[in-house]
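Take a look at the structure set out below.
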Amino acid sequence: MKLATILSLTGNEKIESVEKERKHRGIPPLQDVSHESAAAVMAKLSVREKNVLAHLLKKDLGDAGASAKRESYLDKRAGERLSAAGIIFHLSYENHHCELVPREWKRAFLNKEGSLPPGEPGLFFWNTMNALNRLYTQNVTKVRKDHTAIEKWVLAAMKRLGCIDNNRWNEDLLLSFLHNRFDDVMEQAALFSLKTKQDKMDVHAFIHGTPLECEEDDDLISYGVMIQGDGRVLSGCGLELIDLYDQQYIMDLGNFEMIIPSGVNPGVIWHLLRWGSLQVNPEVFSSGGAHVIFNKESVQAGPEVETFFEKFRGVFIDPKRYEQQFARWINEKTPVKEKGLFHCFHIQDIHAAETCMSLLDKKEVDYFSLQDHLFVSQQDGRKAAGFLKKAGLLNETKSVPKVHKKETGSKGWTVQESGGHRHPYKEDIGQLPRQWFSLLGYDKTMLLRLVRQALIMEAAVLIEDPAGRQSVIEIESIHALGEGRPYIHTLDEKKIQIDSIERIAFIHPDQLGDNLSEEEAT
Numbered sequence: 000m001k002l003a004t005i006l007s008l009t010g011n012e013k014i015e016s017v018e019k020e021r022k023h024r025g026i027p028p029l030q031d032v033s034h035e036s037a038a039a040v041m042a043k044l045s046v047r048e049k050n051v052l053a054h055l056l057k058k059d060l061g062d063a064g065a066s067a068k069r070e071s072y073l074d075k076r077a078g079e080r081l082s083a084a085g086i087i088f089h090l091s092y093e094n095h096h097c098e099l100v101p102r103e104w105k106r107a108f109l110n111k112e113g114s115l116p117p118g119e120p121g122l123f124f125w126n127t128m129n130a131l132n133r134l135y136t137q138n139v140t141k142v143r144k145d146h147t148a149i150e151k152w153v154l155a156a157m158k159r160l161g162c163i164d165n166n167r168w169n170e171d172l173l174l175s176f177l178h179n180r181f182d183d184v185m186e187q188a189a190l191f192s193l194k195t196k197q198d199k200m201d202v203h204a205f206i207h208g209t210p211l212e213c214e215e216d217d218d219l220i221s222y223g224v225m226i227q228g229d230g231r232v233l234s235g236c237g238l239e240l241i242d243l244y245d246q247q248y249i250m251d252l253g254n255f256e257m258i259i260p261s262g263v264n265p266g267v268i269w270h271l272l273r274w275g276s277l278q279v280n281p282e283v284f285s286s287g288g289a290h291v292i293f294n295k296e297s298v299q300a301g302p303e304v305e306t307f308f309e310k311f312r313g314v315f316i317d318p319k320r321y322e323q324q325f326a327r328w329i330n331e332k333t334p335v336k337e338k339g340l341f342h343c344f345h346i347q348d349i350h351a352a353e354t355c356m357s358l359l360d361k362k363e364v365d366y367f368s369l370q371d372h373l374f375v376s377q378q379d380g381r382k383a384a385g386f387l388k389k390a391g392l393l394n395e396t397k398s399v400p401k402v403h404k405k406e407t408g409s410k411g412w413t414v415q416e417s418g419g420h421r422h423p424y425k426e427d428i429g430q431l432p433r434q435w436f437s438l439l440g441y442d443k444t445m446l447l448r449l450v451r452q453a454l455i456m457e458a459a460v461l462i463e464d465p466a467g468r469q470s471v472i473e474i475e476s477i478h479a480l481g482e483g484r485p486y487i488h489t490l491d492e493k494k495i496q497i498d499s500i501e502r503i504a505f506i507h508p509d510q511l512g513d514n515l516s517e518e519e520a521t
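The opening residue of the sequence shown carries number 0 in numbering that gives the first Met the number 0; numbering runs sequentially from there.
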């Protein structure tokens, strides 16, 4: 998600708090984004904060999902510090939660050549939009053999981001991504496109502009993920260059055709494609624009045209001409025409049928009858029910249920406070013997007891080796039974022989220092 979008979702009080924290820590202001600023931020972070940030910069963008591995409390504390400084943000949409680095800062951290301008996103942007549009309109949720490579990447991205769940599209979530996070959709699709190359190249750095000397890939070039240039391969993603402006940059050519720059908000483009047809032309896509045409087929396949004119009236050269032509297309007869939803009234007394129909005729309510049922369009259903009630023909308790209009996309992403992570065993740790919080040496039996207690209570401990080197660790598992030299595994994937621990001390959660890293404790 772009920084401007995040800030638009963040309250002024939170922004002021972030800037105050950044100033306190000597970190450049939030909007001072550059390669040099990213280096200055990194210089102020603890080792653990750097590790947490590095992990977040190179992970997939969807919900993390459940993990069998216990989450590090020290990492949570480091994440809180990063959040307080606006280096990472926590976002929520209904039951979807994620943490991310603002788009421009992500590029500044990952791009190893900070002066290199971002690549033009036109070809990759329009190919992604076109693939997504096809998949959604055809209600495709599973990969087929006839799918193009980019359709497979986009389909995988939609599942990873939660827009397809249990083989069903989540339309509201999809719209929220289109309006606010389409750069994340493109990034996730690009990650899937580069999956086979992860062992050979830093795909995250590449996506964010770092040029590479590697073999070119015809598929990746044809879809715009890669661009040929000066002996090196460049990224064509240009994720910072999308969603720069609203619909005022759409150009109406006056012949039921429009030209749309790739910088227009993707949500606006998506709405336009409900009635228009995107013309696939790689050469035009590469220039950054695309042509959308309107014809009988595309207009008849779209939703009610009133919505179209309400949203895009300001774009037309001649709105009246569009309205007249759309009306002609809609009214043209076809073998089958969708009529929408109807309210059904069951005539339980056959002698009342004539009275009901006469009343609806008099009130000019359209209906049709079928055996002992009357059908009225959804929009006239409540009105018809009212007339029938007033005439004593419909019981008050049998009223037509109210139709709740779905507010598609009305809810969006919200920025959440990271909140204080309370240690689950804080009180229990506080009840341990006081001497356990002092750095002391113990015999093997007592040392194993302390280590087991630290594992049970998920407590951080400070250990010192025979050379006097100290580190703060969290224990994931103990391996003692049947082992010649018992050892422990830590949550940060280190293996430590228990007999190499010269001294050990528990650390109370309240005593974990603000700048805590593997080498620091207070």
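Just so you know, even glycine gets a beta-carbon here, dropped at the ideal spot from N, CA and C.
Check	Outcome
One question on the structure: do Cys236 and Ala189 come within less than 8 Å of each other, judged by their Cβ atoms?	yes
Three-state secondary structure (DSSP) at Lys401?	Here Lys401 scores only 38 on pLDDT, less than 50, and its place in the model is too uncertain to base an answer on.
Between the beta-carbon of Asp464 and the beta-carbon of Ser499, is there less than 8 Å?	yes
Are the beta-carbon atoms belonging to Phe386 and Gly223 less than 8 Å from one another?	no
With distance defined between alpha-carbon atoms, name the residue in Asn129, Leu454 and Lys19 nearest to Leu272.	Asn129
Would you call Ile455 buried or exposed, if buried means 16 or more other Cβ atoms sit within 10 Å of its Cβ?	exposed
So, at 8 Å on beta carbons, what are the nonlocal neighbours of Ile37 in its own chain, with the 5 sequence-adjacent residues on each side left out?	Per the sequence presented here, residue 37 reads as Ala, with Ile not at that position. Trp104, Ala107, Phe108 and Gly113, listed in sequence order.
Taking 8 Å as the threshold, find out whether the stretch 351-369 comes into contact with the stretch 320-334 through three or more Cβ pairs.	no
Of all the options Gln299, Leu160, Ser286 and Val471, which has the alpha carbon lying nearest to the alpha carbon of Ile258?	Ser286
Determine the direct distance from the alpha carbon of Trp152 to that of Lys141, and round the result to whole angstroms.	12 Å
Sort out for me which residues DSSP pairs Lys105 with in a bridge.	Its beta-bridge partners do not exist; DSSP assigns none.
Could you tell me the distance, in whole angstroms, from the CA atom of Glu501 to the CA atom of Phe181?	53 Å
Answer yes if the stretch 77-90 comes into contact with the stretch 47-61, meaning at least three C-beta pairs across the two stretches below 8 Å, and no otherwise.	yes
Thinking C-alpha only, which one of Leu193, Asp348 and Thr136 is nearest Trp168?	Thr136
Do the stretch 81-93 and the stretch 16-35 touch if we need at least three Cβ pairs shorter than 8 Å?	yes
Strictly by DSSP, which residues pair up with Lys494?	His488
Measure from the alpha carbon of His342 to the alpha carbon of each residue in Leu134, Asp365 and His420, then state which is nearest.	Asp365
Flag this pair as yes or no: are the beta carbons of Leu177 and Gly266 separated by less than 8 Å?	yes
Jot down the residue ranges of each uninterrupted alpha helix (DSSP H) in the stretch 337-362, minimum 4 residues, whole runs only, in chain order.	352-361
Is the beta carbon of Ile163 sitting closer than 8 Å to the one on Glu186?	no
With 16 other CB atoms within 10 Å as the buried threshold, where does Thr525 fall?	Summary: the structure shown does not reach residue 525, with the chain confined to residues 0 through 521, and so no result is reported for it.
At the level of alpha carbons, what is the spacing between Leu240 and Gly262?	6 Å
Report yes if the CB atom of Leu490 is closer than 8 Å to the CB atom of Ser71, and no otherwise.	yes
Can you give me the C-alpha to C-alpha distance between Glu212 and Met225, rounded to a whole angstrom?	12 Å
Within the continuous beta strand (DSSP E) that includes Thr127, where are the two ends?	Counting along the chain, Thr127 falls outside any beta strand (DSSP E), though it belongs to the alpha helix (DSSP H) covering Gly121 to Thr136.
If you follow the alpha helix (DSSP H) that Pro508 is part of, which residue opens it and which one closes it?	Counting along the chain, Pro508 falls outside any alpha helix (DSSP H), and DSSP gives it neither H nor E.
Assuming Val291 is part of the beta strand (DSSP E), what are its boundary residues?	Gly288 to Ile292
Can you round the beta-carbon distance between Glu256 and Ile292 to whole angstroms, since I take them to be within the 8 Å contact cut?	5 Å
Here's the rule I'm using: 16 or more other beta-carbon atoms within 10 Å means buried, otherwise exposed. How should Pro210 be labelled?	buried
First and last residue of the alpha helix (DSSP H) that includes Ser297?	Lys295 to Ala300
Helix, strand or coil: how does DSSP classify Ala459 here?	strand
Please classify Asp251: does DSSP put it in a helix, a strand, or coil?	strand
Which stretch, first to last residue, makes up the alpha helix (DSSP H) that contains Met41?	His34 to Ala42
Taking the beta strand (DSSP E) that Ser376 falls in, what are its first and last residues?	His372 to Ser376
From Lys158, Lys295 and Glu20, pick the residue whose C-alpha is nearest to that of Trp274; which is it?	Lys295
Under the three-state reduction of DSSP, which class applies to Met0: helix, strand or coil?	coil
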